[in-house]
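Enquirer: In this text, residue positions in the sequence shown follow numbering that gives the first Met the number 0: the first is 0, and each later residue adds one.
Structure below; questions to follow.
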Amino acid sequence: MTQTASAENFSQAELDKFGALANRWWDPDGPQKALHALNPVRLDYVAKRAKLRGASVLDVGCGGGLLSEALAKAGAQVTAIDLAPELVKVAKLHRLESQVAVDYRLQSAESLAAEMLDEGRPGAFDAITCMEMLEHVPDPAAIIAACAAMLKPGGRLFLSTLNRTPAAFALAVVGAEYVARLLPKGTHRYQDFIKPAEPAAWLRAAGLQLEDVSGLMYEPWRNAARIIGRTDVNYLACAVKPI
C-alpha cells in the first residue's frame, strides 16, 4: 500500500503545477515540447549503459509516461510511478491508445521501496530512471536512497536534473520560461536546482558508485537535444549498485 500523503516526500504545489499540464503532456507542440525532444536522448543514454530487453525497469516521477513507454518499446518490463493523479491518469489513457505495456502506479519511491522490503524482494529492478524530478521534491536524497534499495546488485540508476549555475538560471528559467516561452512560467525554481556534487554525495551515501555525468543540451531552434561535455545547465548521471 502507498503511504499516507503526510508521509510522502513531495510538494503539493509542484504536483498541482504539473498536474495542470496533464491534458497536453503527449502533445509534441504543447507545454512539454522540450521534454519530447529530450526523450530520445534520455532513452539512448540509458540504453547504452543498461540492457533493456527483458529487463525490469522502474521509472520514478514518470509524469505522463513519455520515457516509460519508450523504455517499454525498447523491450523493458516497466513499472512507472508518480504522485500527480492527473498525470498517472493521462499515462494510463495513453497506454490504451498506444497499447504499450506499462504498469502505472500512483505511488512514491519511498513507499514502493518499503512495500518491496515487506514482501521480501527489496532489490528487484535492473535499472531505475529518475528524470527531471529531483529538483521538484523537498528531499531528493531520500529519493536516491529509496531507488538504491530497489536496485538489484549490478543494477543502474539514471538521473537527470538542472545544475545550480547562472547559466542554468539564464537558459532554463529566464530564457525557457519568460523569453522563448518554451515552458510555463514557474516551471522551475532556481534555488531547487542541484549541483552535480550533491547527487554524487547522495549516491555514495546510498551505496552506489557514480559511473558517468554528461551534459544535456536542448536546442530550441531545431527542437532537438544532444549530449555535450558541459554540465552547467542540464546533466545526466549514471550510478551502479556494486555486486
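Where a beta carbon is used, it is the ideal one built from N, C-alpha and C, also for glycine.
Computed from a predicted structure; not experimentally measured.
Nearest-angstrom Cα distance between F201 and L158?
Expert: If you number the sequence shown from 1, residue 201 lands on position 202. If you number the sequence shown from 1, residue 158 lands on position 159. The sequence given here places Trp at residue 201; Phe does not occur at that position. Looking at the two C-alpha atoms, the distance is approximately 12 Å.
Enquirer: Could you name each continuous beta strand (DSSP E) segment of 3 residues or more that falls completely within the segment 113 to 155, going from the start of the chain to the end?
Expert: 124 to 130
Enquirer: Tell me where the beta strand (DSSP E) around Y234 begins and ends.
Expert: Counting from 1 along the sequence shown, the entry for residue 234 is found at position 235. Its beta strand (DSSP E) spans residues N233 to V239.
Enquirer: Please state the DSSP three-state secondary structure of F192.
Expert: Residue numbering aside, residue 192 sits at position 193 when the sequence shown is read from its first letter. Coil, per DSSP.
Enquirer: Please confirm whether Q106 and I143 have their CB atoms less than 8 Å apart.
Expert: One-based indexing of the sequence shown puts residue 106 at position 107. One-based indexing of the sequence shown puts residue 143 at position 144. Contact: no.
Enquirer: Do you know how far the Cα of A126 is from the Cα of P241?
Expert: Indexing the sequence shown from 1 puts residue 241 at position 242. Indexing the sequence shown from 1 puts residue 126 at position 127. Looking at the two C-alpha atoms, the distance is approximately 13 Å.
Enquirer: Would you kindly work out how many angstroms separate the C-alpha atoms of P152 and A204, rounded to a whole number?
Expert: Residue numbering aside, residue 152 sits at position 153 when the sequence shown is read from its first letter. Residue numbering aside, residue 204 sits at position 205 when the sequence shown is read from its first letter. Roughly 16 Å between the two C-alpha positions.
Enquirer: Take A33 as the anchor and find which of A71, P84 and Y217 has the nearest alpha-carbon.
Expert: Numbered from its first residue, the sequence shown carries residue 33 at position 34. Among A71, P84 and Y217, the Cα nearest to that of A33 is on Y217.
Enquirer: Since L66 contacts L42 with CB under 8 Å, what's their CB separation in whole angstroms?
Expert: For the purposes of this step, residue 66 is taken as residue 67 along the sequence shown, with counting starting at 1. For the purposes of this step, residue 42 is taken as residue 43 along the sequence shown, with counting starting at 1. Contact holds; Cβ gap of about 7 Å.
Enquirer: Since S213 sits in a beta bridge, which residues does DSSP pair it with?
Expert: What you label residue 213 is simply residue 214 of the sequence shown in a count that begins at 1. Paired residues: L235.
Enquirer: I'd like to check one pair, L207 with V239: are the Cβ atoms closer than 8 Å?
Expert: Looking up residue 239 in the sequence shown gives position 240. Looking up residue 207 in the sequence shown gives position 208. Closer than 8 Å, so yes.
Enquirer: With distances taken from CA atoms, which of A113, W220 and F168 is nearest A147?
Expert: Start at 1 with the first residue of the sequence shown, and residue 147 comes out as number 148. Taking A147 as reference, the option from A113, W220 and F168 with the minimal CA-CA separation is A113.
Enquirer: With distances taken Cα to Cα, identify the nearest neighbour of W25 among F168, A71 and V89.
Expert: Locating residue 25 in the sequence shown gives position 26, counting from the first residue. Here the closest residue by C-alpha is V89.
Enquirer: Going along the chain, which residues of its own chain have a beta-carbon closer than 6 Å to the beta-carbon of K184, five neighbours each way excluded?
Expert: Walking along the sequence shown from the start, residue 184 turns up at place 185. Contacts found: E176.
Enquirer: How is A79 classed by DSSP in three states: helix, strand or coil?
Expert: By one-based count along the sequence shown, residue 79 stands at place 80. Residue state, collapsed to three classes: strand.
Enquirer: How would you write the range of the alpha helix (DSSP H) that Y44 sits in, first residue to last?
Expert: Reading the sequence shown from its first residue, position 45 is the one you call residue 44. Here the alpha helix (DSSP H) through Y44 covers K32 to A46.
Enquirer: May I ask which residues mark the beginning and end of the alpha helix (DSSP H) holding L246?
Expert: Since the displayed the chain opens at 0 and closes at 242, residue 246 lies outside it and no answer follows.
Enquirer: R52: buried (16+ other C-beta within 10 angstroms of its C-beta) or exposed?
Expert: What you label residue 52 is simply residue 53 of the sequence shown in a count that begins at 1. R52 comes out exposed.
Enquirer: Just the Cα atoms here: how many angstroms apart are R221 and V212?
Expert: By 1-based counting over the sequence shown, the position of residue 221 is 222. By 1-based counting over the sequence shown, the position of residue 212 is 213. If you take the alpha carbons of R221 and V212, they lie about 24 Å apart.
Enquirer: Taking only three categories from DSSP, how would you classify A224?
Expert: Along the sequence shown, read from residue 1 onward, the residue named residue 224 stands at position 225. In the structure shown, A224 sits in a strand (DSSP, three-state: E or B).
Enquirer: Suppose the cutoff is 7 Å on Cβ atoms and the five residues either side in sequence are ignored; what does the same chain contact list for F192 look like?
Expert: Position 193 of the sequence shown, counting from 1, holds the residue named residue 192. So the qualifying residues of the chain are E134, L161, N162, R163 and A167.
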